[in-house]
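Residue numbers (this note's numbering): -3 to 406.
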């Protein structure tokens, strides 16, 4: 790696912007301490980023300390923008996301069962172009979440069984259509990335993330980094066999965890049709919140099998935090508490580390969408010369309309 003054300055600039992206506004003093640079270097970098329209500065509110206060450096929400795509089994969500996790305009539409992959991809490309046209900034990358096994080295979706996709060259197709750098990954693994950067797992070092929709997937954070396995994929939690002689799973086994806690299992517990939609299941669980007795009666068996699977994960992975995402984020708090109590009592690893926490995702259904954006930002911020090309504001008065923050309160 070159250590020329220009390269060193660019790396420092990138590190500063990455810190603001992950941690939000910070004072110059905080940046000086965190980045281990001197004050004059921080000032020069901030001045440069401000000139490029990437940050603004203001004095912190409520200052009471004597002396000259350190200015607060605030990233502009649309300083860097990526396109995020979440391909689900029965719908697609695309959105523009900016630095510091801000969500801009998004589009959501249903997928018809059995649609050919070509039709789905053409639709996504059309919606993507609409959103790209709305941006007042150049788009610096695309992140795509897919409910299946993704080969990260060549961007091929090897198998997405619920979509009936096999060996789809997804990254190549999108790069040809959108003329932008594209990264893609498994939806649950990207949900884990989102939780570790934007959700309840921020600051946690060893995390197991369980995502439930039609199927059950997962992601693992080990020692603060995503664990992807030697074939760039890990986390097929849904096909861990938990019930001997249980229901047949599409994978060919019986008693997979997916058959006991997936969307169909939740629908059965709520006396809903097994093929009902995501929102119907979520609404059914929310309706139980005011009826504790009904919660135990309806979700007792799901709670039991959820706890069994989480115990297995904790014993295998040594995680000290388990995050429940997707439809599991809609479970009544009583169910989550019962699962946590069971894991703490039955898991030998939990007893060894003095307790394992089980928490619901703060991102809900948006985990994979946010994670796909974070994956795109990782590329953009590690190769800033391309990402920052043409970032100077086209119209200083223009900005994207912010729809919401991706983190929702519960």
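Ideal Cβ positions, reconstructed from N, Cα and C, are used throughout, including at glycine.
### Query
So, residue 96 versus residue 20, is the Cβ gap smaller than 8 Å?
For the purposes of this step, residue 96 is taken as the residue at position 100 of the chain shown. For the purposes of this step, residue 20 is taken as the residue at position 24 of the chain shown. Their beta carbons are under 8 Å apart, which means residue 96 touches residue 20 by this criterion.
#### Entry: Whole-angstrom distance between residue 314 and residue 5, CA atom to CA atom
Residue mapping note: residue 5 aligns to position 9 of the chain shown, counting from 1. Residue mapping note: residue 314 aligns to position 318 of the chain shown, counting from 1. Distance between the alpha carbons of residue 5 and residue 314: 40 Å.
### Query
In angstroms, rounded to a whole number, what distance separates the CA positions of residue 354 and residue 320?
Taking the first residue of the chain shown as 1, we reach residue 354 at position 358. Taking the first residue of the chain shown as 1, we reach residue 320 at position 324. Rounded to whole angstroms, residue 354 to residue 320 spans 7 Å at the Cα level.
### Message
Since residue 65 and residue 71 should fall inside the 8 Å C-beta cutoff, what is the C-beta to C-beta distance between them, to a whole number of angstroms?
### Response
Within the chain shown, residue 65 is the residue found at index 69, counting from 1. Within the chain shown, residue 71 is the residue found at index 75, counting from 1. That pair is no contact at about 19 Å.
### Query
Quick one: does the C-beta of residue 26 sit closer than 7 Å to a heavy atom of the ligand MN?
In the structure shown, the ligand MN is absent, as is every other ligand, since no ligand is present at all.
### Task
Keeping to the same chain, check which residues put their C-beta closer than 8 Å to that of residue 410; ignore five residues upstream and five downstream.
The structure shown has nothing for residue 410, since the chain only spans -3 to 406.
### Task
Report the residue from 151, 242 and 318 whose alpha carbon sits nearest the alpha carbon of residue 198.
Along the chain shown, one-based indexing puts residue 198 at 202. Closest option to residue 198, Cα to Cα, is 318.
### Message
In the DSSP assignment, the beta strand (DSSP E) including residue 218 goes from what residue to what residue?
### Response
If you number the chain shown from 1, residue 218 lands on position 222. Per DSSP, the unbroken beta strand (DSSP E) holding residue 218 starts and ends at 212 to 218.
### Task
At 4 residues or longer, and completely inside the region 189 to 277: list those alpha helix (DSSP H) runs for me, N to C.
Listed in chain order, the complete alpha helix (DSSP H) runs (minimum 4 residues) inside the region 189 to 277 are 253 to 257 and 259 to 265.
### Message
For residue 417 and residue 15, I'd like the C-alpha separation in whole angstroms.
### Response
In the structure as shown, the chain starts at -3 and stops at 406, and residue 417 therefore has no counterpart that could be examined.
### Where residue 122 falls: helix, strand or coil (DSSP)
Numbered from 1 along the chain shown, position 126 holds the residue referred to as residue 122. In the structure shown, residue 122 sits in a helix (DSSP, three-state: H, G or I).
### Query
If we ignore side chains and look at the alpha-carbon of each, how far apart do residue 169 and residue 336 end up?
Residue 169 sits at position 173 when you count from the first residue of the chain shown. Residue 336 sits at position 340 when you count from the first residue of the chain shown. Computed Cα separation, rounded: 43 Å.
### Query
For the region 104 to 177, which segments carrying the beta strand (DSSP E) assignment without a break, of at least 3 residues, lie completely within its bounds, in sequence order?
DSSP runs (the beta strand (DSSP E)) wholly in the region 104 to 177: 135 to 142, 145 to 147, 152 to 156 and 161 to 164.
### Query
Just to confirm, are residue 377 and residue 47 a CB contact at a threshold of 8 Å?
On the chain shown, position 381 is the one that residue 377 refers to. On the chain shown, position 51 is the one that residue 47 refers to. Using a Cβ distance threshold of 8 Å, residue 377 and residue 47 do not count as a contacting pair.
### Task
Compare the beta carbon distance of residue 45 and residue 92 with 8 Å and say whether it is the shorter of the two.
Start at 1 with the first residue of the chain shown, and residue 45 comes out as number 49. Start at 1 with the first residue of the chain shown, and residue 92 comes out as number 96. It is not a contact, given that the beta carbons lie outside the stated cut-off.
### Query
DSSP puts residue 70 in a beta bridge; with which residues?
On the chain shown, position 74 is the one that residue 70 refers to. Residue 70 pairs with 52.
### Message
In this structure, how does DSSP classify residue 96 when only helix, strand and coil are distinguished?
### Response
What you label residue 96 is simply residue 100 of the chain shown in a count that begins at 1. DSSP places residue 96 within a helical segment (H, G or I) once states are collapsed to three.
#### Entry: Residue interval of the beta strand (DSSP E) (run including residue 319)
Start at 1 with the first residue of the chain shown, and residue 319 comes out as number 323. Segment 317 to 322, the beta strand (DSSP E) holding residue 319.
### Message
Suppose contacts are defined by Cβ-Cβ distances below 8 Å. Is residue 358 in contact with residue 146 by that definition?
### Response
Here residue 358 is taken as the residue at index 362 of the chain shown, counted from 1. Here residue 146 is taken as the residue at index 150 of the chain shown, counted from 1. Not in contact: residue 358 and residue 146 (Cβ atoms no closer than 8 Å).
### Message
Looking at the strands, I want to know which residues DSSP matches up with residue 361.
### Response
What you label residue 361 is simply residue 365 of the chain shown in a count that begins at 1. Beta-bridge pairing links residue 361 to no other residue.
### Query
Which class does residue 351 belong to by DSSP, given the choice of helix, strand or coil?
Here the question's residue 351 lines up with position 355 in the chain shown. Coil at residue 351, not helix or strand.
#### Entry: CA nearest to the CA of residue 51, picked from 74, 287 and 295
For this step, residue 51 is matched to residue 55 along the chain shown. Closest by alpha carbon: 74.
### Task
Please classify residue 80: does DSSP put it in a helix, a strand, or coil?
Taking the chain shown and counting its residues from 1, the one referred to as residue 80 is at position 84. DSSP places residue 80 in strand when its eight states are reduced to three.
### Query
Shortest alpha-carbon distance to residue 316 belongs to which of 352, 334, 289 and 189?
Counting from one through the chain shown, the residue named residue 316 turns up at place 320. Of 352, 334, 289 and 189, the residue nearest in Cα terms is 352.
### Task
Measure the Cβ-Cβ separation of residue 205 and residue 220 and say whether it is below 8 Å.
The sequence position of residue 205 within the chain shown is 209, counting from 1. The sequence position of residue 220 within the chain shown is 224, counting from 1. Not closer than 8 Å, so no.
### Query
If we ignore side chains and look at the alpha-carbon of each, how far apart do residue 117 and residue 140 end up?
Here residue 117 corresponds to residue number 121 of the chain shown, with the count starting at 1. Here residue 140 corresponds to residue number 144 of the chain shown, with the count starting at 1. So the alpha carbons of these two residues sit roughly 12 Å apart.
#### Entry: Reference residue 323; option with closest CA among 8, 17, 339 and 279
Position 327 of the chain shown, counted from the first residue, corresponds to residue 323. For the residues 8, 17, 339 and 279, the minimum Cα distance to residue 323 belongs to 279.
### Query
Can you tell me the Cα-Cα spacing of residue 298 and residue 213, whole angstroms?
Translated into positions along the chain shown, residue 298 becomes position 302. Translated into positions along the chain shown, residue 213 becomes position 217. Spanning the two alpha carbons is a distance of roughly 16 Å.
### Task
Put residue 18 into one of helix, strand or coil per three-state DSSP.
The sequence position of residue 18 within the chain shown is 22, counting from 1. Three-state DSSP puts residue 18 in a helix.
#### Entry: Pairwise C-alpha distance: residue 356 and residue 265
As a first step, residue 265 is located in the chain shown; it is residue number 269 there, counting from the start. As a first step, residue 356 is located in the chain shown; it is residue number 360 there, counting from the start. Each residue's Cα considered, the two are about 20 Å apart.
### Query
How many angstroms separate the CA atom of residue 25 from the CA atom of residue 35?
Stepping through the chain shown from its first residue, residue 25 is reached at position 29. Stepping through the chain shown from its first residue, residue 35 is reached at position 39. Going from the Cα of residue 25 to the Cα of residue 35 covers about 8 Å.
### Residue environment, residue 112, which counts as buried when at least 16 other CB atoms sit within 10 Å
The sequence position of residue 112 within the chain shown is 116, counting from 1. It counts as exposed.
### Inter-residue spacing [alpha-carbon to alpha-carbon] between residue 339 and residue 330
Here residue 339 corresponds to residue number 343 of the chain shown, with the count starting at 1. Here residue 330 corresponds to residue number 334 of the chain shown, with the count starting at 1. Roughly 14 Å separates the two Cα atoms.
#### Entry: Buried or exposed (CB count within 10 angstroms, at least 16 for buried), residue 258
Locating residue 258 in the chain shown gives position 262, where the first residue counts as 1. By the neighbour-count definition (other C-beta atoms within 10 Å, threshold 16), residue 258 is a buried residue.
### Task
Have a look at residue 108 and residue 3 and give me their C-alpha separation to the nearest angstrom.
What you label residue 108 is simply residue 112 of the chain shown in a count that begins at 1. What you label residue 3 is simply residue 7 of the chain shown in a count that begins at 1. Going by the C-alpha atoms only, they are around 49 Å apart.
### Query
In chain order, what residues of the same chain have a beta carbon less than 6 Å from the beta carbon of residue 283, not counting five sequence neighbours either side?
Here residue 283 is taken as the residue at index 287 of the chain shown, counted from 1. Nothing listed; no residue qualifies.
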